[in-house]
Structures are given as C-alpha cells and as structure tokens.
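Report on one structure; see the data block that follows.
Numbering (UniProt numbering), first residue to last: 1 to 640.
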C-alpha cells in the first residue's frame, strides 16, 4: 500500500510541476494591470485590431506586437466561450422548465380523477371549475383531509392558473404576517426557555387545513439585525440566481419557472414568481429536499417588506411532495445605522426517510434547514460585503483591485464545494467502504467535464465521507484552517511547506478569512503552486475550503483581471454541530461551546485531462485509502 500511495503522491507532484511549468511558460507573456486595462478598453470598441492598430498599441504599452495579437486572440476565444456558457445555462434553465411542465402533463394523464369531488373524469367546463374551486378551498384551509387532494391540471399560461397562484400567494402572505409576529399561544417557550416552538394544535386551530399524513412538521422562527439596507436584502431574495448563490450552503439549485406578476413601478413590490428549488446539507448521506412553490413579495404601508413561499401542491401533481413548504419567509424593515431587522419563519412538512442517524438531531433542532440557518448565512454574506469596503488596516495584507477578484473567486470556490458534496439528484454517489462501522461513510462520484470553463476540463473524481467527532465545531475549525497543523492531516501536500502570501478578513467571527498560500515541495524547492483557501464560520456551520491554482491564474487574480473562467476544483471540510448545544442552538463563539461535530471531508481531483478517460480499480483503491488515512489522522490529533 505504501508503494501505491507513493505513486499517487508522485503523480500529483508531477501534475503540480506540469502546472507550474505551464505557468512559467506564460510568465514571459504576462501583462501588468495597466496594460490589461488599456487593452480591455480598446477591445470594447475594436475586438479585431488590424496590424497598424496592434503596432500602435504595442508601442503605447511597451510590449511586442505579437503579444498584443495573442492577447486579442485569447480575449476573443474567452468571450466566445463565455457566450456559449451563458447560452448553455439558459438552455438548461429552459430545459428544466419544460421538464417540469412535461411531468405535469404526464401526471395529469395518469390521475384523471379528482379526489376532491370524486368525478371520474372532468370533461365538462363546469366540472373543471367546480374541482378547481374545491382545490382552492384546500389551499386556503377550508377543507380537511389528505393533502394528496389536488385540482385537475391547469395550463400554466392560462388565466385560471394565474388567478389560482395569486390567490395562494395572497393567502400565504396573510398567514406569514401573523405567524411571524404572534407570540403565545402560537409560539411557546421551549423547556429550557432559550427558544420558541410552534404549537401545532394552536396553529391548525388558527389556520385550518389538511395535514400531510406520514410527514413530519418542522417549524422555526428567528430574528436578527442584519447590516444591510432592506431593499438590498429584498433584491437578494427575489433574484433567484443571486438567492441560490448567496445561500449555496442550503440551496443546491433553483429555477425561476414563471413570473406571474412583474411588480409595481419597476420594483419588487407585488412580484409573484413560480420557482423550483432543491435544498441540501453539505453531506452525501443526507437526502436533499425538493420543493415547487410560489414566491411573493410585498411592501406594506409601514415600509416593511414581506417575502413568502408556499408550495403549489394543490395546483400541480405531487411530483415534489417529499417536502411541502407551508407559508415560510421573512419580514424586513429598515432600522437606524444601516441595519435591517429581519424576522424569518421556516415551516415545512417533510418525509424524513434516508437521513443518516448522526444527522437526525441536527435536523430535528432546526439547525440544518431552520430559520436560524438561513439568517446566519444571510448575516455572514452581509458581513462579507461590508468587509470589501472596510478600512485597509482592517482587511489585512491584500489590498487594491486584487481584493475584489480574490473574493469573487473564493465565493465561486465555496459554491462549487457545497454543490459538489451534497446528495443532490445531480450527484450520483457510489458507496466504497465504511469507517467506524458506518457502512455508507465513504462515497465516490465521477464527472466528465467537456464544456464548463469554470472547472478543469476532463475526467474528475470526488471522494467524500461524513463522520462524528467528540470535539466542538470551533476546535475542529481552528485546527483545520491553521496552516501550521496542515501537515498533520493533508496527505496530498507531499511534505510541502505552506506559506501565507496574502489574506482578507471577511467577517466578524475569528477565522473568517480568504487566504492565498504558496505550497513548496521540500524535495523540489524550485517548483511551487498556489492554494486559495476560505475559512468561514457562523452560528450554525463552519467551512474550510481550498483549491489549487497555477501561477498564471494567481497573477490574474492579484492584478484584478477577469477571473470568471479560472478553473477551480475545490476540496475541503464542512463542519456542523451534532445537535443543539445550548438552548437549542450552537453558541456563536468558542467560549463555553459544547457538543460534538459532524465533519464532512471531500476531495476533488482531476484524474485525466481527457473526459473520455476511465477510472481504474487501482486508482479508486488508492483514493479510498488516502481519504481514510486523512480521517484517521484528524481523529488521532483531535481526540488524543
């Protein structure tokens, strides 16, 4: 086994060496920031300069004409790739919308009877109207019985469909306003008096409606002061792409399927849109939750913004019925000194099967999908935004235009990690072996990338495992983010030293940093690579995520160049509390923190630059042994 591991390490060293050599070859043609800015400005007006223009630019910038020529060629190729990527993204979004619509029609053909009225087949318009009316009564809570009741399929472009969606959104908005602000008896203090629990009996007394048989209710409410204008928070929540990016720690993917109402006077007030989303925990052993719902936004007379989601099970076939969103959302109001008060409510009914036993206490406590989780992520994002404009002496060592570029790349790196390590339907995991008698603890997944320039092209391998540690999340976080202790667990460093080049402080919590490291091989001091790492922590989760980048990409980042298509293949850790630690919630700081940790380790490596390559059993065995040894090293160090 030692020979196999040595071979893998040597192979990775060779890959780093080849990457550095590619970077060194490009060093001769590297341009400074001023040169890039001037060529960018020229490109906007003339993407195809002739020889005379290239010669003039070369004299002005102090570089060779051939360098100018190659830069414009590369820029045109990059823009073409970017355009193709955006077109592919639009096509994927449209394909998702059509897929959902197709599934609706298929289900409508299968379920030709309406359980609400018992009519075998709705052939007459009057019967259709009566069935849809009874279905709307279900959505408003006027009918009791199984939630499997549904209206006959209504075409999503019809006026009747739009009216039914608007009615569901209005009813949900009314409920959210009450649930978010009422106290006892709707919300009662928990046994330890540190948080509040929804009184289910009182809820169904106040909001009569069918319960979902065999499903578990989860309800939570949390409030916080967020350093951001209310309008900015509303924009985050109503822009589906931005919402999915900001909340990548919870949202695997999201699609805006249809805009029912575009709002008033160009604002988000009265916007109503139908969405599909998948929610996750950063672990391959926790099933994701899919929901099909309408999101509505309204600004009330006191300038409070309200945004509410509610599932559309009563209008559509029960395709995403493993998670039903009862009225959930938030109230947002501007406060003095640049803050906003946010009250967040999460209320769902879920089928809880398939969740690994070590994650059940976390989910039951609402720390995986509950209101506290959403608010913690939002607060952390706003702290990150504020840090980008903080005084330089607060930021750290990295200043200037490179700071914004580093933050953008790090944010993309974190998103890639979170979406690559979960149990999304887009991720197909294979069980390899077990650790500590957990038969499903080591998972493997392969991907072939042929057209996405944001990740390396070729054949990729992802290995992931989730396990419990009898150590507080704060201690695990500090250990894994510390470069001085990295050699104790990182089997892929190959004995190299890690030296800090620059860092940015990204939040109020100790350790919230984006750092650039230089990794040097002790046996080959002339060869080096760069590692970008982000460590972030809030009251519900912590992450230590990193990705190697070549020297040319590092220069582009530090000079403030275009980083959109720097390929990243992140690895790292997601650290979650193993359940409520104090008053039903983890403490926000390390002092006095109790409880253990749920640690997910994920490694993503490029196996072959050819997407048509195959993965040999020997490579799988080596990768499995590497990740198992990393787990052993972490346990040995932290538990001893």
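Ideal placement from N, C-alpha and C gives every residue a C-beta, glycine not left out.
(request) Would you give the residue range spanned by the alpha helix (DSSP H) that residue 455 belongs to? (result) Residue 455 -> no alpha helix (DSSP H), and no H or E assigned at all.
(request) Use the C-beta contact count for residue 484: other C-beta atoms within 10 angstroms, 16 or more gives buried, fewer gives exposed. (result) exposed
(request) Leaving aside the five residues before and after residue 530 along the sequence, list all residues of the same chain whose C-beta is less than 8 Å from its C-beta, in chain order. (result) 501, 516, 517, 518, 519, 548, 549, 550, 551, 553, 554
(message) Quick check for students: name the residue ranges of the beta strand (DSSP E) that lie wholly in the region 54-108, counting only runs of 3 or more.
(response) none
(message) By DSSP's criteria, residue 443 is part of a beta bridge. Which residues make up the other side?
(response) 431, 464
(request) Compare the Cα-Cα distances from residue 557 to each of 406, 578, 498 and report the closest residue. (result) 406
(message) To the nearest angstrom, how far is the alpha carbon of residue 58 from that of residue 81?
(response) 26 Å
(request) For residue 39, count neighbouring Cβ atoms within 10 angstroms of its own Cβ and tell me buried if that reaches 16, exposed if not. (result) buried
(message) Measuring only the C-alpha atoms, how far is residue 624 from residue 248?
(response) 27 Å
(request) Select from 276, 298, 388 the residue whose C-alpha is nearest the C-alpha of residue 265. (result) 298
(message) On the CB-based measure, 16 or more other CB atoms within 10 Å of its CB, does residue 413 come out buried or exposed?
(response) buried
(request) Note down, in chain order, each residue of its chain lying with its Cβ closer than 8 Å to the Cβ of residue 578, except the 5 sequence neighbours on either side. (result) 358, 361, 362, 468, 595, 596, 597, 598
(request) Find out if the Cβ-Cβ distance for the pair residue 420, residue 604 is shorter than 8 Å. (result) yes
(message) I'd like to confirm something about residue 548: is its beta-carbon nearer than 7 Å to some heavy atom of the ligand FAD, or not?
(response) Of ligands this structure carries none, so the ligand FAD is not represented either.
(request) Give the straight-line distance between the Cα atoms of residue 505 and residue 513, rounded to the nearest whole angstrom. (result) 5 Å
(message) Please state the DSSP three-state secondary structure of residue 514.
(response) strand
(message) Is the beta carbon of residue 280 closer than 8 Å to that of residue 424?
(response) yes
(request) Please report how far the alpha carbon of residue 570 lies from the alpha carbon of residue 620, in whole angstroms. (result) 19 Å
(message) I'd like to know whether the C-beta atoms of residue 602 and residue 575 end up nearer to each other than 8 Å.
(response) no
(message) Quick check on residue 641: buried or exposed, where buried means 16 or more other Cβ atoms within 10 Å of its Cβ?
(response) The structure shown does not extend to residue 641, since the chain is modelled only from 1 through 640, so no value can be given for it.
(message) Applying the 10 Å Cβ sphere with the 16-neighbour rule, what's the burial state of residue 353?
(response) exposed
(message) Between which residues of its own chain and residue 309 is the CB-CB distance below 6 Å, once the five residues before and five after are set aside?
(response) 293, 295, 325, 328, 329
(message) What does the alpha-carbon distance come out to for the pair residue 634 and residue 534?
(response) 19 Å
(request) Can you give me the Cβ contacts of residue 588 inside the same chain, cut-off strictly under 8 Å, excluding the 5 residues immediately before and after it? (result) The predicted position of residue 588 is uncertain, since its pLDDT is 43 and thus under 50; a value taken from the coordinates is nonetheless stated next. 509, 538, 539.
(request) State the Cα-Cα distance for the pair residue 383 and residue 376, rounded to the nearest angstrom. (result) 11 Å
(message) Can you list, in chain order, the residues of its chain with a C-beta nearer than 6 Å to that of residue 562? Leave out the 5 residues immediately preceding and following it.
(response) none
(request) Would you check if there are 3 or more beta carbon pairs closer than 8 Å linking the region 212-228 to the region 251-268? (result) no
(message) Taking the beta strand (DSSP E) that residue 293 belongs to, which residues open and close that run?
(response) 289-299
(message) If I follow the unbroken beta strand (DSSP E) through residue 323, where does it start and stop?
(response) 323-325
(message) Less than 8 Å between the beta carbons of residue 72 and residue 47, yes or no?
(response) yes
(request) Using only alpha-carbon positions, find the residue among 638, 455, 608 that is nearest to residue 566. (result) 455
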